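Asks: Next up is a structure, given as structure tokens.
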Amino acid sequence: MSEVKAYGAADSEADLKQMSIERREVKPRDVKIKITYCGVCHSDIHTVRNDWGNSMYPAVPGHEIIGEVLEVGSEVTDFKVGQTVGVGCMVDSCRECEPCKHDLEQFCEKGMVGTYNGKDKHLGGHTFGGYSEEIIVDHYYVLSVPENLDTKAVAPLLCAGITTFSPLNHWKVGKGDKVGVIGLGGLGHMGIKFAHAMGAHVVMITTSPEKAEDAKRLGADEVLISKDEDAMKKHRGSFDFLLNTVPVAHDINPYLQLLKIDSTMCMVGAIEPLPDVHGGNLIMGRKNVAGSLIGGIKETQEMLDFCGEHDVVSDIELIDINTINEAYERVVNGDVKYRFVIDMESLRNAN
Ligand code: NAP
Ligand code: ZN
Ligand code: ZN
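Its first residue numbered 1, the sequence shown is counted upward by one per residue in UniProt numbering.
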């Protein structure tokens, strides 16, 4: 075992601060990674603040990890020392159940092991994420990063990227489709970029009129302000697919009215009870509400390769780890363009 520096919260009320955590020894199938960058996902904040009621403490978040391979175990042949790699939201699963066999490890019947707040079967206790100097991960859950991309802007692809790519891919969004992305934050900005790269006509659906210009720069063809009832009426019944990234419970009825017959709105943001859905909004038009959770390891690699081919990365603001608590406030207030990424040198250099 080795001790490394990390940043975490002692309980749901506490700010994040520097602490020391233990990492396991490198086992034959493991890759030891020096973390260079880590994205800040809204899920990190939900976990630190125990919004979902299942947080374990100390909580060391971070599941948008980019790093450099420091060491590989004796059985690892797919990664080499010095290579740039990524780790996303999962570090283990059973690999035997039906979902695992079908590359859907995120739905593992025995429960996938989250990169943080998961059950640590090696050291006991719970897993610690990427707000740390190093991490040791089974090679199966380590991703290759295309060499042509700016690595710090790749970090958010490991969660925000795959979470938006997977539903767009699953529902086969492409040329000729009118696609709405609801909520322009970390996930939403990647949703626009992917839907645009896939050839769809993209409409950014936002509560923030001041984000309109950015939305267009990111690839949106149109911007729809969800608070503008007249504008919402004009788009009624016209969308082939909606990707809903709103992070909190909200009334989805106005969005359902935007869908065409037989079309789907996929929820990825609000993992909590939603207010009532009017049956008429589903029945009239045979409409679907669906959900999606990150993506499997194979699809995550496909997403990264797609990004390499189409030159897609995240728009980021690079921060030092000692400003993380302010960064959380800014995410909650929607004041980030469009993902914070922590420069992990700032942790290595901290006393
Ligand atoms: P974020 O950066 O905070 O962005 C969320 C955006 O949603 C905001 O910028 C805002 O956009 C809009 N919004 C916020 N509150 C709203 C409200 N009350 N009503 C309508 N719109 C609202 O968050 P994120 O990192 O993208 O994460 C979004 C959610 O996805 C989080 O809850 C996170 O936990 C979850 N998540 C899920 C998965 C999964 O696998 N399903 C994976 C990662 C994250 P506008 O200003 O444009 O309206
Ligand atoms: Zn995330
Ligand atoms: Zn499984």
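Ideal Cβ positions, reconstructed from N, Cα and C, are used throughout, including at glycine. Since the structure is predicted, the reported quantities are computational estimates derived from the model, not experimental observations.
Between K17 and G269, what straight-line distance do the alpha-carbon atoms span, to the nearest angstrom?
Replies: Cα-Cα distance, rounded: 27 Å.
Asks: Hey, how far is the Cα of E309 from the Cα of G280?
Replies: Distance between the alpha carbons of E309 and G280 is about 42 Å.
Asks: Identify which residue in G199, L274, N169 and M190 has its Cα closest to the Cα of G176.
Replies: Nearest option by C-alpha distance: G199.
Asks: Starting from Y238 and walking both ways along the alpha helix (DSSP H), at which residues does that stretch end?
Replies: The displayed chain sequence assigns Ser, not Tyr, to residue 238. Neither: S238 is in no alpha helix (DSSP H) and is coded neither H nor E.
Asks: Identify, in the order they occur along the chain, each residue of the same chain with its Cβ nearer than 7 Å to the Cβ of T207, setting aside the five sequence neighbours on each side.
Replies: Within the same chain, T207 has close Cβ partners S226 and K227.
Asks: With distance defined between alpha-carbon atoms, name the residue in D240, P146 and N169 nearest to S292.
Replies: It is N169 whose Cα lies nearest to the Cα of S292.
Asks: Less than 7 Å between the CB of S43 and some heavy atom of ligand 2, yes or no?
Replies: Yes, the Cβ of S43 comes within 7 Å of a heavy atom of ligand 2.
Asks: One question on the structure: do I182 and N244 come within less than 8 Å of each other, judged by their Cβ atoms?
Replies: In contact: I182 and N244 (Cβ atoms closer than 8 Å).
Asks: Touching or not, the region 146-164 and the region 208-225, by the rule of three or more beta carbon pairs under 8 Å?
Replies: Output reads no: the region 208-225 does not touch the region 146-164.
Asks: CA-CA distance, I324 and G118?
Replies: Each residue's alpha carbon lies about 22 Å from the other.
Asks: So is L123 buried or exposed if we call it buried at 16+ other beta carbons inside 10 Å?
Replies: Looking at its Cβ environment, which holds fewer than 16 other Cβ atoms inside 10 Å, L123 is exposed.
Asks: Determine the extent of the beta strand (DSSP E) in which H201 is found, giving its start and end residues.
Replies: Run containing H201: H201 to T206, per the beta strand (DSSP E) assignment.
Asks: Would you identify the three-state DSSP class for V179, choosing helix, strand or coil?
Replies: Strand.
Asks: For ligand 3, is there any heavy atom lying closer than 7 Å to the beta carbon of K110?
Replies: K110: yes, Cβ under 7 Å from ligand 3.
Asks: Cβ of T207 within 7 Å of any heavy atom in ligand 1?
Replies: Yes.
Asks: Classify H102: buried if its beta carbon has 16 or more other beta carbons within 10 angstroms, exposed otherwise.
Replies: With fewer than 16 other Cβ atoms within 10 Å, it is exposed.
Asks: For D267, does the count of other Cβ atoms within 10 angstroms reach 16, so buried, or fall short, so exposed?
Replies: Before going further, note that residue 267 is Met rather than Asp in the sequence given. Buried, by the Cβ-count rule.
Asks: Which word fits M90, buried or exposed, when buried means at least 16 other C-beta atoms lie within 10 angstroms of its C-beta?
Replies: It counts as buried.
Asks: In its own chain, which residues sit with a C-beta less than 8 Å from the C-beta of Q301, not counting the 5 before and 5 after it?
Replies: Closer than 8 Å at the Cβ level, and outside the excluded window around Q301, lie L143 and S144.
Asks: Check whether the Cβ of H63 lies closer than 7 Å to any heavy atom of ligand 2, and answer yes or no.
Replies: H63 Cβ: within cutoff of ligand 2.
Asks: Measure the Cβ-Cβ separation of D138 and R29 and say whether it is below 8 Å.
Replies: Against a cut-off of 8 Å, the Cβ pair of R29 and D138 comes out as a contact.
Asks: Does any heavy atom of ligand 2 sit closer than 7 Å to the C-beta of C89?
Replies: Yes, the beta carbon of C89 sits closer than 7 Å to at least one heavy atom of ligand 2.
Asks: Have a look at the DSSP bridge pairing and note the partners of residue 365.
Replies: With the chain represented from 1 up to 351, any question about residue 365 goes unanswered, as that position is not in the structure.
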